[in-house]
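Taken in order, the sequence shown gives residues 53 to 421; the numbers are from my numbering.
Backbone N, C-alpha and C define an ideal beta-carbon position, used for all residues, glycine too.
Taking it in order: structure first as structure tokens, then the write-up.
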Amino acid sequence: MSVIDSALSQVKLLHPYTPGKPVEELERELGISNAIKLASNENPLGCSDLAKQAINTALENIELYPDANAFYLKQKLADKLGVEENQITIGNGSNDVLDLLARTFLDNHAEAIFSEYAFLVYPLVVQACGAKARVAGALALDTSQPYGHDLKAMLALINDKTRLIFIANPNNPTGTWLNRSELKDFIDQVPGHIAVVIDEAYFEYVDEEDYADALQWLSEHENLVVTRTFSKIYGLAGLRLGYAISSAEISDLLNRIRQPFNANTLALAAATASLEDNDFVEASRDNNQAGLQQLAKYFDARGIEAIPSVANFLTVRFGKQCDEIYQGLLQQGIILRPLANYNLPEFLRVTIGTPQQQAVLMERLDKLL
């Protein structure tokens, strides 16, 4: 018997998360420069200048451990979101917070529910805890929210072993979303002992009047948790910082298992400063809305099906040509995200870029098509 045999069975069965292909890797492989990455839903405008200035200032004390309690960031977040500081849990990206939630509520006697085409981290953290995943079938492709969450199907899976439910709104990788009334009705029907996690990683990009800001229901649902991130619209993906907002009691539980110093000094400084730069957020949102419309119009004109999205990406159906299109664009220095690992082998996910990046994408895609 080897040490590998001693590893937990649920860990040995895990398939690691596959990130988007790095720009540096493609440029090394092809011997090129100026590759364009539209694969990982990063902000093409970068990050706020205020964040960069804060990073430079924070470098002066980089030999010191970071503030383990993230005092100034929590203070600013609490003021911005209208919550108390003790309701906030800081994570090394929102992925870290999702893992904390799984480890807090799940074991090998518990079950968790999520949708068929939802963020791949959900099944990973559930399996790592030895819990059983109950996967709800998604809405049909010909509905108004193609492959989005079917809340009735999710409710039907609840049983006496259910301890955690993950809902991404908007959803990754589809870009679909849930409106205020349907999401509130769902939360109202979930028993109070089950933690309901609303993953709002793309919250700041949404420009829909009836979109649900789940924070408004925290006071009436002590089992509700909302997660957000600085990786998307704030452009700090490389620094890894996310957070959860919940009741103070849930936050206390999460902080009992949270690793000390899980957010580094530069990330804390940059995130705190980013919250001051509303102009950068507005510019990022404007670029995204224009980019979504540009790409939707482009694909529609060519008879190529794209799932309507309110996030910062568009998921596009290329059918049997999908891998050929993906590889062809790689050879031309453009990285998109294949979705075979989401069981969507005929789709590619396209992150919204700058107007210049999208012009290059459309020109080179036309050559392949």
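Using only CA atoms, which one of the options lies nearest to residue i?
i, options, result
"residue 228", "368, 413, 186", "368"
"residue 418", "370, 392, 406, 404", "370"
"residue 19", "221, 310, 215", "Residue 19 falls outside the range modelled here, since the chain spans only 53 to 421, and no answer is possible."
"residue 151", "171, 340, 133", "171"
"residue 243", "380, 273, 404", "273"
"residue 190", "320, 259, 395, 327", "395"
"residue 330", "53, 77, 92, 103", "103"
"residue 212", "240, 100, 165", "165"
"residue 414", "224, 241, 384", "384"
"residue 261", "114, 245, 231, 76", "231"
"residue 375", "101, 92, 393", "393"
"residue 111", "355, 339, 386, 320", "320"
Could you please give me the residues that DSSP links to residue i through a beta bridge?
i, result
"residue 332", "Bridge partners of residue 332: none, in fact."
"residue 251", "220, 279"
"residue 83", "In the DSSP output, where bridge partners are listed per residue, residue 83 has none listed."
"residue 389", "401"
"residue 184", "163"
"residue 358", "368"
"residue 214", "163"
"residue 89", "387"
"residue 296", "141, 279"
"residue 18", "No answer is possible for residue 18: the residues shown for the chain start at 53 and end at 421."
Would residue i be called buried (16 or more neighbouring beta carbons within 10 Å of its own) or exposed?
i, result
"residue 80", "exposed"
"residue 89", "buried"
"residue 215", "buried"
"residue 208", "exposed"
"residue 407", "exposed"
"residue 322", "buried"
"residue 123", "exposed"
"residue 197", "buried"
"residue 352", "exposed"
"residue 219", "buried"
"residue 163", "buried"
"residue 95", "buried"
"residue 98", "exposed"
"residue 284", "buried"
"residue 148", "buried"
"residue 188", "buried"
"residue 389", "buried"
"residue 116", "exposed"
"residue 361", "buried"
"residue 193", "exposed"
"residue 268", "exposed"
"residue 224", "buried"
Under 8 Å by Cβ, that's how I've got residue i and residue j pegged, so tell me the actual separation to the nearest angstrom.
i, j, result
"residue 348", "residue 363", "That belief does not hold up - the Cβ atoms of residue 348 and residue 363 are roughly 13 Å apart, past 8 Å."
"residue 252", "residue 279", "7 Å"
"residue 206", "residue 167", "7 Å"
"residue 327", "residue 381", "Incorrect: roughly 36 Å between the Cβ atoms, too far for contact."
"residue 153", "residue 183", "Incorrect: roughly 12 Å between the Cβ atoms, too far for contact."
"residue 173", "residue 256", "Not really, about 20 Å apart at Cβ, beyond 8 Å."
"residue 299", "residue 139", "7 Å"
Count the C-beta pairs between the region 316–334 and the region 273–293 that are closer than 8 Å, then say yes if the count reaches three, no if not.
yes
How do the region 343–363 and the region 142–157 stand: do at least 3 beta-carbon pairs fall below 8 Å, yes or no?
no
Three Cβ pairs or more, each shorter than 8 Å: is that satisfied between the region 160–180 and the region 123–140?
The region 160–180 is not in contact with the region 123–140.
Measuring CB atoms only, is the region 298–306 touching the region 84–101, in the sense that at least three cross pairs come out at less than 8 Å?
no
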